[in-house]
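Chains as they are written, first to last, in this note's numbering: chain A, 2 to 181; chain B, 266 to 542; chain C, 209 to 288; chain D, 180 to 463; chain E, 79 to 489; chain F, -7 to 178; chain G, 10 to 396.
Built from N, CA and C at the ideal position, the CB exists for glycine as well.
No experiment lies behind these values; they were computed from the predicted model shown.
Contents: one structure, followed by commentary.
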Amino acid sequence: MIIRFAGFGGQGIVVSSYIVGKSAVLDGKKAIQNQAYGSESRGGECRGDVIIADEEIYELEPTYYDVLIAMTQPAYEAFVPLLKPGGTLILDKDLVVTDKKLEPKRIKKYAISATDIAFKTFGRKIVANMIILGYMNTLLGAVSEGALEKAISESVPRGTEKMNLEAMREGIKLAGEGVK
Amino acid sequence: MFRKAKHIREKYLEENMWPSIFCQACGIGTVLNCALRAIDKVKLDIDQTVFVSGIGCSSRLPGYIDADGLHTTHGRAITFATGIKLAKPELNVIVFTGDGDLAGIGGNHFIHAARRNIDMTVICVNNYNYGMTGAQLSPTTPLGGIATTSPYGNIESPFDLSALAIGAGAPYVAKWTTIYPHETMTAIKDGIEKKGFAFIEILAPCPEGYGRRNKLNQGKDNLLWFKKNSIGKSRYEKLSEEEKRACDKIVIGKLNDIDKPEFTAEWSKLVDKHFVE
Amino acid sequence: MYASLLERHRRGCKLIEITENLCKGCEICIEFCPLKVFEKSDKLNRKGYYLPVVTDEDQCVGCRLCELLCPEFAIIITNE
Amino acid sequence: MSEPRHRLMDFVREEIMPHRFCSGCGCGTVLNAFTNAVEGIGLDSAKMVCVSGIGCSSWIPSPYFKSDTLHTTHGRPIAFATGVKVMRPDLTVVVIAGDGDVAGIGGNHLIHAARRNIDLSVFMVNNMIYGMTGGQVAPTTPAGVKTTTTPHRNVEPAFKVADLVVAAGASYVARWTTYHVFPLLESMQNAMSRKGFSFIEIMSQCPENYGRRIGLRTGIDFLRQFKEKAIRVDKARGMTEEELEDRIVIGKLCDVERPEYVTELQKVTAEQVDLLRAEKEKVD
Amino acid sequence: MKKRDVSTATDSKYRPARPFNREEFDRIRRILGGKVLFVQGDSAVSYGALLAGCRFFAGYPITPATETGEVLSQLLPRVGGVCIQMEDEIASVGAIIGASRAGTKAMTATSGPGFSLMQENIGYAAMTETPCVIVDVQRSGPSTGQPTEGAQGDIMQAKWGSHGDYELIALSPSTVQECLDLTIDAFNLSEKYSIPVILLTDGIIGHMREKVVLPEFDDVEIVWRKEPTRPKDEFQPFTDDGSQIPEVAIFGEGYHTYITGLTHSESGYPATDSQPDHHRLVKRLCDKIRNNRDKIIRVQRDYSDGGAGATGIVSYGVTSRSVNSAVKTLRQEGLKVDHLRIITNWPFPEKEVDELAGRVDRIIVPELNLGQVYHCVKEAAAGKAEIVPLWKTGGEMHVPRGIVELVKGRG
Amino acid sequence: MKTEMRFVAFGGQGIVLAGVILGEAAIADSNNAVQTQSYGPESRGGAAKSEVIISNDDIDYPMVVEADCLVALSQPGYDKYAAEVKPGGTLIVDQDLVDAGTPPEGRAFYSLPFAKTADRLGNRIVTNIVVLGSVCSITGVVSENNLAAAVESNVPEKFRELNQTAFSEGFKLGAEAVKLKAAGEK
Amino acid sequence: MALDENKRQYISQRGGKTYFMLGDEACAYGAIYAGCDFFAGYPITPASEVAELIAEELPKAGGICIQMEDELASMAAIIGAAWTGARSMTATSGPGFSLMQENIGYGIMTETPCVIVNVQRSGPSTGQATKPAQGDVLQARWGTHGDHNIIALAPNSAQECFDLVQECFELADTYRTPVILLMDGEVGHIRESVVMPELSAVKHTSRKIAERTEDVFGGQELIPGMIHYGEGMNVHVTGSTHLASGMRDVTTPHVHDELIKRIYSKIDSNRENIVRVETDLNPDGKARVGVISYGASARPARGAVKLARAKGKNVDFLRLITIWPFAKKQVAEFSKELDIILVPEMNLGQMSREIERFVDSDVVTVPRIGGVPHSVDEIYRVIMGVV
């Protein structure tokens, strides 16, 4: 499974992809995580890719994706054409306006107000990525929930584990509602 | 006449390049702003001006100015600038650089150019760390400062860049911080007008790099810190010897302004003497 | 320190030796000996340098300035 | 009759004496003073590492001084020495090199080492010229002097290297000449005995490649001039820039106590090792 | 405070920039004194530079290249140029690139250790397509090695010393006369292709004195870079007009060019995230040389009438002299020898070597190193002939007798 | 016709310049000439060697293979190169600086007081010019006129006279030695 | 070299687990496993992460990390440290690697064991700072002046960054020479799983120590032993041409000749002991087409070979783990039955030139520059085009 997280620097894009990769490794799978960002530290374009597989991974920077998580308009516009037909698109609906013309066929689209919920529920916009993570994983079952929890608590700054895990569970909840 | 009416931005900036890559509240933009206004004030002929820089966030500045620019290798900006100035002495040469570029890898070129006294204006944005590569320790990081390569606190004493420039022989040296933009602008203006090597050190916030790791998260925290921890030269000089010793603040202001023979002028004399018709 | 050395050596007796094959005839010893103990000789060594020669050893107070100034380790002062 | 043996021959690689410095060159005097200083404070040369770069004065330790020696690339001895000192703080690490090496091509390493206050003793032999390559202008060559690369006249002012090192933050800085051998020797002893970065600029002579261009043809001429032009730092303090023009300020320019780099570095390491151990014990 | 007054400089005779004409050329010849001179290779390089129009030199003392800087420090002020001794070799290349961008032909000279230090900025010159000439008077390495001894150990470094993919031109003179001639060529090629050109001399030729005849103005071509043909506001510094060689705008003439060592688009502005821009740029940097190889490459063929049993020798630089001598002896003894002397080391004359390989059974490659051009010959010959290296290090030339013996099978 | 000359000395004795002047004179004689040198890193006192090849043909290999003439002003130089002189060749040494022992057979041998002569003229620095004078009169490898002119153009203006004297003194020294030798052989 | 107590403690606490980490980080951990005592570096993308992690972790293992004023100084400092007996390392990328060239030559000339990590990025010059490339392959071989030989290894995964950096230290000590780990921005900046073994699985060889100072730079040995500073042996180390005792002799031709030939041949004659390749031959041996690759490019290349075989095509595959000295015997052997060899690499054909010298088959470069590695499909299509 090839997943791309894309957005601005500062949205926790790279760390999200890292957490997914790490969870996969904890599950005993093979995983590669890769990132790209511009010269600026904050506010620039940024993306994080994860490839999860049961066997050896040969493709280092794939061209097409199974899953795209788009957190900004430019990220959506740049990368949604690269989704494989039938792929999954998850986006922050307050930050992205979709355009049918750009999208490949038969994709599954999910839009949530991750940033908004993060701010309203937890007082911190930064945990939007955790909401997305929980949401995405529930939809796709990319990694086990236990591994995801472990990876999150080991990857976020000390003292914020609880909040991040709660945000992730919020995402799971949202997914549950959405799927229902 | 028409150009004059324009905003400073329209007049000097390369429109395709702006907005910049700089992070929110980064001090480099302020420095550019001050520099452009200083240039405007002295009515510098922009066609006859070359902006030179090395590698680092502040070295990206020449790319934003609609003028000749040379973005060089890490630490070497002053050497390229030396070549330009000597080959075409009628050009105004302005070097934008950062603390790591100028005094870290390029420290030797810095002191030698100051000694040589070549007519150029060196504007150094000192943000206490290597911002572009991800907040590593720089030669100006304060003692105890946290950087990605000093995770346990810096144990190296930092450079006082201005003192070093004076020690190396620079005839014009000024130090300001971006919280004093008018003074910064005036210092740059004086520097451009100075015949000789002019060095202007500007302490500027790097909220994403140094700030974030040292409890100066917001640009404004950083600026307030500079305000609190600096003291004007004239005020400092009024202190008693004892107070001076006890004072751990950064002394800012025009720190040196002397006249001494300038390299290209001296070379010009030498050529006139030995030229063979 | 200079004074103490001078004092220490003033007391003992001394012997000045010049190592011929080390000398490069720079004449620093001749010039800067406070008591002008040395003189230039007309003897060339194999490298073509004129050697210094001690004219009046009794004059020497053993201050060791020549020994220290000699760039060649060619002067040895012995105190006993 | 066997030739007499110099008492300090124990400190030099005797098999390759006489050394190759030109007649009247100051490098020999510096070597002489240095061996005296080492003997004087009873340093064990087995516990010393001498580091040098490229140039005539770099030959003082390499090959002549008998200790572990690192003869490095041009301008980089301080950087090499940093590696040695950091891993073996128990050894006395001395850098002896010339003005072109230390302050010309290697100027950056000099100011950074001074800033770090790493426990090195740097003895810079300043003969105001690139001697080994045949007399090119150095950053320390006074303005107006004709050299092979400034045949018409030098248009650059000379570095006052010791002053620069003070500005860079060194904890001990002194300047002497090859005429002032006794205080030089004493200063070297101070430098090697104390902790922290110490720097001595030794004004020295190069009759062959510098002297003959300025009318000082022999070592003696230089020493006379050093004697005349030298002025003690305490006296110089009260004088103006113009009055000091053309004078050589000698003496100790700065001597302050600051935390030493390697000591601090080792503290960090010791703390972290202990923290990790504590972490393990907690788990156990 | 003294304010700046730029007029002093412009009123002065101190005027290093272009242009260049017959009067200027003849003035230089007059300053050099006489038509026939007896000078060192290093001096001949300096003379060649002056005749080619070089008016800026930045350098740092290093044996055995120092003389070039010394001679130019004498002469440049007399012609209104600049000579500056920088704080190191890194700074020297920086300064000549700056000077070249400001409209002056510029040069530096060094030897192995300095050449190693220069590598980063040589890459910068290649990337920014800045014309400049770098003289490497090779000495025995690695590291400090034998400072006063000649060698040919930096041949591969000249091509591969800086990181990343790039092409440049390197020339090897084998006489003092050629030191002068090839320096003029180096400047011409550098201006023509907007590229750093390396002159690979060595400690032996650099320090050897020989007869040199100064050329007449009509005997030589002096090339100046391609200047902008489009209006200032339409000008882009890295546009490919089909020739793959960009026009060069000079600082201070109002073109507002931005030059960077980062990957850039045609406008000169950074394009560090664009794969196509990088590919286009770097491919063009390489192709502008590869596609013009036939115009750039020079060799000298001294071939027998061919046929079976002939031995080929490929040589370059000072080693060619030993080979010339050996070839004379061998022919006197009735042996067939084909000698290919390489003048352009980079780009490597693969076609010419291949042609030689087709004529002979084996090719001997004598060099003053442990087999560097040998590798290139082997690659170019593609198995058509046996390639025999002849190594020599330690600062001495190949003795002709050694080559003779090897050809006769007794070496 | 090719003549290979080798000068050996300590650095500072001026043999490189001697080689240059000799080469220039050869060029003025309308011959080809190549001059090379080698020396250690020290400016003074190290081993120094200067070689000149003079020929009326192209000179490919620029190094001396078998010297026609060796001029030695230092003991180590003499010891190293004395045996490499061609049979029938010439050896010229400074009598105070070189102890020649038994010179190799079959070569003309001259031991002359070059340094002392220069000292007598008032400056050691002209030793090399004294040497050139003698080399000219002993070997005749270049013409006296052109050599004298080359000396003149290579020395500072204010020392011109001194050098001219040194050259003629050297020339005389050599000429007398040749005469003496011829007499001795008879 | 035996691991000291602090490193044993560190490894026993960190070892025996699987981690998910960057290639750069794996390289840093590998260095600690290899007993690296000293690291000196200077910030540069994409190698900064090595320095950052070492700054964080090396002190915990009792080692020392310093950031020098430039790359020249970093290279100098690790050589200085090596002569005190330390295992030392630096890490950089293209521009810094260019600056280090002079002191790398010094390391070769003085036979100083040390490790240089070059995380290659797109050049020339500053190029694309954050983008991977393999453009420094020939620079690693020829970057410093004068005749020399070099050892360089190229990892193709984060795990190999961890493993090969340890091998680099071993090779450096065995052959007493600087060894280069030629990573690329791709393997440096991907995160993958890395197994860090238990302490008991870590093996080190000791540096050879000479008995007499006279033999430190030669004597009878092809690879002489060292004597470290502070032993009272008066070791003399110089980058100038020197005798076996270390004493400088810069004018005697045979001294230089013997020294350089020995330094050259200690690697050349041990080629077979140093060189490592990985081959994956077509199961039924019928291949006429081969693929040779290394570093990050070898991953998509291998993927493409598998894909082609799955389509019934016969293709052989060889991966160079040791880049220098070149695996000439292995490559010649590999090429015997092949008509054509494809060489995917992230440059304009640097390794292809080297391969061309030793094979009779046609060598075709599959170049890729501009910061995006080959895709499996791209190489697959090239393979299908020639099979």
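Hey, does residue i have any beta-carbon neighbour from chain F nearer than 8 Å?
i        : result
GLY233/C : no
LEU259/C : no
Roughly how many whole angstroms lie between the Cα atoms of residue i and residue j?
i         : j        : result
THR(-5)/F : LEU62/F  : 11 Å
LYS338/G  : ARG285/G : 11 Å
ILE523/B  : ALA435/B : 9 Å
ASP278/D  : ILE308/D : 8 Å
THR471/E  : GLY105/G : 30 Å
Could you confirm whether any beta carbon from chain C is found closer than 8 Å to the beta carbon of residue i?
i        : result
ASP71/F  : no
LEU113/F : no
LEU89/F  : yes
Quick one, which of the options has its alpha-carbon nearest residue i's?
i        : options                                : result
ALA142/G : PRO55/G, LEU162/G, LEU180/G            : PRO55/G
THR442/D : TRP238/D, ILE297/D, PRO321/D           : ILE297/D
GLY88/A  : GLU104/A, THR73/A, ASP100/A, PRO75/A   : GLU104/A
TYR42/G  : MET118/G, ALA70/G, VAL59/G             : ALA70/G
MET303/D : SER202/D, THR357/D, LYS414/D, ARG186/D : THR357/D
GLU355/B : THR344/B, ASP310/B, GLY396/B           : ASP310/B
ARG295/D : THR261/D, ARG411/D, GLY277/D, ILE275/D : THR261/D
ALA180/E : GLU331/E, PHE426/E, THR350/E, ARG399/E : GLU331/E
LYS289/E : VAL57/F, GLU16/F, THR157/F, ALA74/F    : GLU16/F
Who are the near neighbours of residue i in its chain, counting only those whose CB is closer than 7 Å to its CB and skipping five residues on each side?
i        : result
SER44/E  : For chain E, the structure presents residues 79 to 489; residue 44/E sits outside this window and is missing.
PRO362/D : TRP355
Skipping 5 residues on each side, what residues in its chain have a beta carbon closer than 8 Å to that of residue i?
i        : result
LEU213/C : At LEU213/C the pLDDT is 46, less than 50, meaning the model places this residue with poor confidence; the figure from the coordinates comes in the next sentence. So the list reads CYS271, ARG272, once near-sequence residues are dropped.
PRO386/D : CYS201, SER202, GLY203, CYS204, LEU395, ARG396, THR397, GLY398, ASP400, PHE401
Counting only beta-carbon atoms, is residue i nearer than 8 Å to chain G?
i        : result
LYS181/A : Reliability fails at LYS181/A, whose pLDDT of 42 lies under 50, so the model's placement of it is uncertain and no value is given.
LYS31/A  : yes
SER300/D : no
Kindly indicate if chain E contains any beta-carbon less than 8 Å away from that of residue i.
i        : result
VAL196/G : no
ASP21/F  : no
Flag residue i as yes if its beta-carbon sits less than 8 Å from any beta-carbon of chain D, otherwise no.
i        : result
GLU111/G : yes
Check whether the Cβ of residue i lies closer than 7 Å to any heavy atom of the ligand MN, and answer yes or no.
i        : result
GLU527/B : Questions concerning the ligand MN fall outside what the structure shown contains, since it holds no ligand whatsoever.
Ordered along the chain, which non-local residues of its own chain (more than five positions away) have a Cβ less than 6 Å from that of residue i?
i        : result
LYS459/B : TYR437
Which runs of the alpha helix (DSSP H) spanning at least 4 residues fall entirely within the stretch 17 to 71 of chain G, listed in chain order? Listed in chain order, the alpha helix (DSSP H) runs fully inside the stretch 17 to 71 of chain G are 32 to 42, 57 to 66, counting runs of at least 4 residues.
Note down, one range per segment and in chain order, each alpha helix (DSSP H) of at least 4 residues found wholly within the stretch 107 to 172 of chain E. Fully enclosed alpha helix (DSSP H) runs of 4 or longer: 119 to 130, 144 to 153.
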